[in-house]
Structure formats: C-alpha cells, structure tokens
Amino acid sequence: MKVLVTGGAGFIAGNTVDLLLEKDFEVVVIDNFSTGFKELLNPKAEFFEGSFGDKKLLEKALQGIEAVIHFAAFSQVEESTRKEKEYWKNNVINSVVLLEEMQKKGIKKFVFSSSASVYGEPKKIPIKESAELNPVSPYGETKKTLEKILELYNSAFGLKSVSLRYFNAFGPKELHQPETHAIPNFINAVLKKEKINVFGDGKQVRDFVFVEDLAKAHVIALEKIEEFDFEVFNLGSGKGFSVNEVIEMIFRVSKKETEIDFLPERKGDPKKLTADISKAEKILGWAPETDLEKGIEKTLDFFKAELKL
Ligand SMILES: NC(=O)c1ccc[n+]([C@@H]2O[C@H](COP(=O)([O-])OP(=O)(O)OC[C@H]3O[C@@H](n4cnc5c(N)ncnc54)[C@H](O)[C@@H]3O)[C@@H](O)[C@H]2O)c1
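Using the working numbering, you'd call the opening residue of the sequence shown number 19 and step up by one each time.
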C-alpha cells in the first residue's frame, strides 16, 4: 500500500515511517520542518518539502496514494493559548484542505493523530473514549474539531477514518525545540548534569506510552481501516506513574542523579490522567509491549548517542 505520512520529520511520525518501511509499505512524506528535523527523515521515503495545506504540493504528493496518516500539527498546549489563530489555521484549516484534495482524488482512508487533550479535566479515571470531550486549550479544541470533521466526511463522502488519541508519548527521536514533555527533559537534564524542573509537587500521575508501540497501532489501524467508518481509540499504556516515580526510574536506569527544582503548579494541570485502552485492545488487537522502564532505557540510549556520550 502507498501511504502519505504528513509530519514525517517529526517525533511520532518519524518512528512510524521507519516501521511502515520495515513492513514494506511505500511511504511518501510531506513536512515543512516547522518543528521537525531533516535527520529524522527516513531516506527510503519519498519526500516533499512544504505544507500539507498546499494544494499544488498535494497534487504531486497524493499521486497513487491509497491512505493518509496525518501527524503534522502544531502541538504545544501552552503555545496554543498564545497563538490560537496559527493553531486553528494549521491544525484545522490546512487539514480540511488535505481532506478536500484527498476527496478529489478518491482517497478514502485516513488515520489521524488526536490527543488525550480532547478530554480536558476528566471526571472519571481511567478515561474511556465515551467520556465527555471538554478540551481546556485551543490545541485540544483543534483536535476535537478535526474529529468532528472526520465524522462528517464519513457521512458525506464515505471517508473511512481512525482517530488515535495518544496519551503521553515518549521515546527515541523526540527532539522538540523547545521541549515541553517530561521524559526527554528529565533525561537530558540527567545526562547534561543540569537541574530537573518539576511543576507542582511531582505527584501528578500520567500515562506514558512508548513511541514504538504507538507506531504499531498506526500500522494496525491502516490494515483494519476498511472495517470502520469513523472510530476513535485511546492509545496509552493503561498504567499511571507519578512524575516523581518517573524521575526515580530515570535515576535508577541511568545510574546518575541530579538536583530537582519544584516550581509552582501549572494552571489546568490535572492531578491524574490515565487511559482505558480496552477498546484498542479488543477491536484493534493492539497492546503496548514496552513498559516504562524498558522504554526509558531505549530513550536514554537515543539521547546518549545524540549528545555523543
Ligand atoms: N507527542 C505527544 O505526546 C503527543 C500526544 C498527543 C498527540 N500528539 C499529536 O501527534 C502528532 C505528532 O506529534 P509529535 O510530538 O511527533 O510532533 P512533532 O512536532 O515532532 O511532529 C510534527 C511534524 O509536523 C510537521 N508540520 C507541522 N505543520 C506542518 C505543515 N503545515 N506542513 C508540513 N509539515 C508540518 C513538523 O515540521 C513536524 O515534523 C501531532 O498531531 C500531535 O498533536 C502528540
């Protein structure tokens, strides 16, 4: 199958492109390097530099494509509160351009990177897909909106889509600049002998899912997409770890320690966020295979190599 991957020079897409190529999919990537990196591009994929919202580029990139996996987006929660217009334009308007161009070419399969941020502050833990959607950031709103649009594209045009709501992804190739995610920041601080900054008391619990497990879920979603109209799945580990537990684990696995600075709590940071992943287990037949400790080991190896340690 020939697949277009948007955002293929980014963290999660970069890992997924590697797996797709291993599994003999033909892969085409579009990326404009707004937050991605040339070094993350797999040279075996055909590459188009530019925006996935550029009709002329899509005209070329969509040739012969059977399915699209749409990762590209702006994805920093805090930034989205300051740059609401840019988030709306890139995550929603550009995505509609992509859907329209797919529609013109009769491409009917779409896998979408959604996010646990669609839920906002959950009323019940672990969170099920059926929970109320109450995003607290413009970023979360853009994901919720695109899910609704996908549902409408299914009833109007027969587009088959799967929306994957990731919880806290981590793993190799996470090179965001600036980095707002806990695990890569903690690992880099430990390796560079710098202070770790923790917002709040570190007792907040999150669901960390290893990026290679996420990549596998995308391949399964593609393989099964004919069975669905519009379907959403939580992708997490199904387990919760506090930020303090994660730091202890990084210290233990790396055999290194560093100072921890506890900063004021961030507004709107829920105390506990964990995924109910039973729907993905039952319907996709997907389950995470890499536990947090093993994942941290692999991520440490990646950053040691990056820092030439
Ligand atoms: N990282 C997480 O924990 C997490 C959690 C939930 C959801 N997500 C979602 O997963 C997706 C991938 O996240 P990531 O962490 O890998 O992000 P990333 O920033 O590493 O990757 C995004 C890629 O998209 C590209 N891009 C952005 N806008 C573009 C445009 N208009 N045209 C072409 N390329 C463009 C960027 O250059 C980058 O390479 C995003 O949609 C994000 O919202 C991520």
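Glycine is no exception: its CB is placed at the ideal position from the N, C-alpha and C atoms.
Taken through DSSP and simplified to helix, strand or coil, His199 comes out as coil. Among the bridge pairs identified by DSSP, His88 is matched with Thr24, Phe130. In the DSSP annotation of this structure, the continuous segment of the alpha helix (DSSP H) that includes Asp319 starts and ends at 310–324.
Phe269: member of the alpha helix (DSSP H) spanning 261–272, first to last residue. Between the beta-carbon of Leu177 and that of Leu168 there is about 7 Å, and that keeps the pair under the 8 Å contact cut. The C-alpha of Glu245 lies about 45 Å from the C-alpha of Ala207. The alpha carbon of Val86 has as its nearest neighbour, out of Gln121, Lys56, Gly313, the alpha carbon of Gln121. Listed in chain order, the beta strand (DSSP E) elements of length 3 or more contained wholly in the stretch 217–250 are 226–228. Between Ala31 and Phe70, the CB-CB gap reaches or exceeds 8 Å. With respect to the 8 Å criterion, Ala79 and Ser131 are not classified as neighbours on the basis of their beta carbons. Where Lys123 is concerned, the enclosing alpha helix (DSSP H) starts and stops at 112–123. When Cβ pairs closer than 8 Å are counted between the two stretches, the stretch 204–220 is seen not to touch the stretch 234–248, the count staying below three.
With fewer than 16 neighbouring CB atoms inside 10 Å of its own CB, Pro196 falls in the exposed class. The distance from the Cβ of Phe65 to that of Lys191 is about 16 Å, inconsistent with a contact at the 8 Å cut-off.
Contact between Val180 and Ala239 holds: their C-beta atoms lie close to 4 Å from each other, under 8 Å.
Ranked by Cα distance from Ala293, the first of Val35, Ala149, Gly25 is Ala149.
In the three-state DSSP reduction, Lys290 falls in the strand class (E or B). A direct Cα-Cα distance of roughly 14 Å separates Lys142 from Gly258. In the DSSP assignment, Tyr105 falls outside any beta strand (DSSP E) and within the unbroken alpha helix (DSSP H) covering 102–105.
Taking 7 Å as the cut-off, the C-beta of Ser52 counts as close to a heavy atom of ligand 1. Beta bridge pairing from DSSP links Lys178 with Lys127. Only residues of its own chain outside the window of five on either side were considered, and among them Val216 have a CB closer than 6 Å to the CB of Phe280, listed in chain order. In the structure shown, the three-state DSSP call for Ala149 is coil.
With a cut-off of 8 Å on Cβ pairs, the stretch 267–276 is in contact with the stretch 311–324, counting three or more such pairs.
Val154 sits in coil when the DSSP states are folded into three classes, being neither helix nor strand. Comparing alpha-carbon positions, the option among Leu116, Phe43, Leu38 lying closest to Asp72 turns out to be Leu116. Between Leu291 and Arg183, the gap from beta carbon to beta carbon reaches 8 Å or more.
For Glu324, the CB contacts under 8 Å within the same chain, skipping 5 residues up- and downstream, are Leu193 in chain order.
Per the coordinates, the alpha-carbon of Ser272 lies some 52 Å from the alpha-carbon of Ala174.
A distance of 8 Å or more separates the beta carbons of Thr308 and Asp219.
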